[in-house]
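Numbering (the UniProt record's numbering), first residue to last: 1 to 369.
Here is the structure we will look at, set down as structure tokens.
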Amino acid sequence: MRAVRYHGRGDIRVEEIQEPGSCGMGEVKIRPAFVGICGSDIHEYLHGPSTIPSTTHPITGEKIPVTLGHEFSGTITEVGEGVTRLHVGDNVAIKPNLFDGGCAACLGGWVNCCDNLGFVGFSGSAGGLSDYAVVKENRAVKLPEGFELDLGALVEPLTVAWHAVNRSSIQNVHARTALVVGAGPIGLAVLLVLKARGVENIVVVEVASQRRELASSLGATRVLDPRTEDVVATVRAMTGNAGADIAFECSAVQAGLDTALKGIRARGTMTILSLWSDKPAIDAFDVVLGEKHVVGSVIYEDGEFEAVIDAMWSGKLNPRALITSKIRMEDIVEKRLQILNPRPRQPDQDLGGHFGMKVRDIQGEWDEY
Ligand SMILES: [Zn+2]
1 MRAVRYHGRG
11 DIRVEEIQEP
21 GSCGMGEVKI
31 RPAFVGICGS
41 DIHEYLHGPS
51 TIPSTTHPIT
61 GEKIPVTLGH
71 EFSGTITEVG
81 EGVTRLHVGD
91 NVAIKPNLFD
101 GGCAACLGGW
111 VNCCDNLGFV
121 GFSGSAGGLS
131 DYAVVKENRA
141 VKLPEGFELD
151 LGALVEPLTV
161 AWHAVNRSSI
171 QNVHARTALV
181 VGAGPIGLAV
191 LLVLKARGVE
201 NIVVVEVASQ
211 RRELASSLGA
221 TRVLDPRTED
231 VVATVRAMTG
241 NAGADIAFEC
251 SAVQAGLDTA
261 LKGIRARGTM
271 TILSLWSDKP
281 AIDAFDVVLG
291 EKHVVGSVIY
301 EDGEFEAVID
311 AMWSGKLNPR
321 ALITSKIRME
331 DIVEKRLQIL
341 NPRPRQPDQD
351 LGGHFGMKVR
361 DIQGEWDEY
């Protein structure tokens, strides 16, 4: 079968490999339909291996070359012994995180913070960018009949945003104003989730004009270019000089982090979703004087995939505009990955080209901010 495999930095190949055999106990075999290419795939291509282990992964027992593709939907083609919840022909979205179940974080119930966190599509031979993938039954979440499979590939990144909004204490605080710094796919997903969950005023900050336009069309209340507009002053003017109730850092640059923290009110919450290459500084004095909350958010927890699928199915959450183009698996290296290399890109360069979506930020976007 065909598979898109990562061999190391700058080396991704479309190859013929052995099709996985029959499903084992509790496993399901999936024919992937649509796969999102994530910023973390591109990060591995340009700068890795980092998330992808160069040594054997403790959960899968496998190492490079690994099959890529962790944001995907597909159809069940076979079920192993003991599988009761899923059947051949079911359409599913993949919940790709793998955890050991035995570390302190897992025992505490926070499997998304597992010491040995792994992913389908990063940590072994199973990945969405292939003709077939075999995963445990509990990694496949059934989609309602009629749920479109291209949207199914967006469930994973939207759930990253859903979890971040949960982490921002939106359940406990009546958040009226939110600030989203960075409008790559994750920032845009946060915008859509905030809207779906009833936040009235959402200010989006972004340097790339195409993304600002997209944020506007997706319903942001205000969209600001931080190079030419004073974000903190604007947010204060909108909130009786208080600041936003909650902010989301999705830019992965120091200036973005500073803006998110300065932009929230006293006892407001800044939730950081960005993955960082460098260690950013946090203005601890601002945190102290404003009694501000700084929260991290990584992937998702049990129940959140289902919540996102429900929100999409009911029409409250409509991410179709995040899909900019679709390409075939065999064209992925040429059409999707090479376009991002060499850097730097122009801020307005077309970022389309996804196996399902989208427009993912890499840090070069924000270098001039
Ligand atoms: Zn663990």
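The C-beta atom is built at its ideal place from N, Cα and C for all residues, glycine as well.
Item: Within 10 angstroms of the Cβ of S40, are there 16 or more other Cβ atoms? Answer buried if so, exposed if not.; Value: buried
Item: I want to check one thing, is the minimum distance from the CB of D302 to the heavy atoms of ligand 1 below 7 Å?; Value: no
Item: Using a Cβ-Cβ cut-off of 6 Å (strictly less than) and excluding sequence neighbours within five positions of residue 371, which residues of its own chain qualify?; Value: Outside the modelled stretch of the chain, which goes from 1 to 369, sits residue 371, for which no answer is possible.
Item: Assign R167 to one of two classes, buried (16 or more other C-beta atoms within 10 Å of its C-beta) or exposed (fewer than that).; Value: buried
Item: Quick one: is N138 near chain C, going by C-beta distance under 8 Å?; Value: Absent here is chain C; the protein component of the structure consists of one chain.
Item: T77 and K29 look like a contact to me (Cβ under 8 Å); what is the Cβ gap, rounded to whole Å?; Value: 5 Å
Item: Measuring only the C-alpha atoms, how far is A266 from V288?; Value: 10 Å
Item: Consider the C-beta atom of D150 and the heavy atoms of ligand 1; say whether any pair is separated by less than 7 Å.; Value: no
Item: So, using beta-carbon positions, are V135 and E62 closer together than 8 Å?; Value: no
Item: Classify V294 as helix, strand or coil using the three-state DSSP reduction.; Value: strand
Item: Hey, which residues come within less than 7 Å of ligand 1, measuring from Cβ to any heavy atom, in chain order?; Value: F99, D100, G101, G102, C103, A105, C106, V111, C114, D115, N116
Item: Relative to the C-alpha of D131, which candidate in A307, E291, R2, K279 has its C-alpha closest?; Value: R2
Item: Applying the 10 Å Cβ sphere with the 16-neighbour rule, what's the burial state of A252?; Value: buried
Item: Secondary structure at T77, three-state DSSP: helix, strand or coil?; Value: strand
Item: What runs of the beta strand (DSSP E), each 3 residues or longer, lie entirely inside the region 125-165?; Value: 133-136, 140-142
Item: Please confirm if the region 81-88 is in contact with the region 40-52, defined as three or more CB-CB distances below 8 Å between the two stretches.; Value: no
Item: Counting only the same chain and skipping the five closest in sequence on each side, list residues whose C-beta sits under 8 Å from that of P342.; Value: Residue confidence is low: P342 scores 35 on pLDDT, short of 50, so the model does not pin down where it sits. No coordinate-derived value is stated.
Item: Expressed to the nearest angstrom, what Euclidean distance is found between the alpha-carbon atoms of H7 and A126?; Value: 15 Å
Item: Whole angstroms is fine: what's the gap from G69's alpha carbon to W313's?; Value: 24 Å
Item: Quick check: what's the CA-CA separation for P344 versus C23?; Value: Residue placement at P344 is poorly supported in this model, since its pLDDT is 34, which falls under 50; the coordinates still yield a value, given next. The alpha-carbon atoms of P344 and C23 are separated by roughly 44 Å.
Item: As a quick exercise: from C113, H47, E44, E229, pick the residue whose alpha carbon is nearest that of D302.; Value: C113
Item: How is M270 classed by DSSP in three states: helix, strand or coil?; Value: strand
Item: Let me check understanding here. Comparing Cα to Cα, which of Q18, G128, V88 lies closest to I332?; Value: G128
Item: Name the two residues that bound the continuous alpha helix (DSSP H) containing K326.; Value: Unbroken run through K326: none, as it is neither H nor E.
Item: I need the straight-line Cα distance from R211 to R176, nearest angstrom please.; Value: 23 Å
Item: According to DSSP, is N112 part of a helix, a strand, or is it coil?; Value: helix
Item: Quick one: residues in its chain with C-beta nearer than 6 Å to the C-beta of D115, no 5 flanking neighbours on either side, listed in chain order?; Value: C103
Item: Where does M270 land, buried or exposed, given buried means 16+ other C-beta within 10 angstroms?; Value: buried
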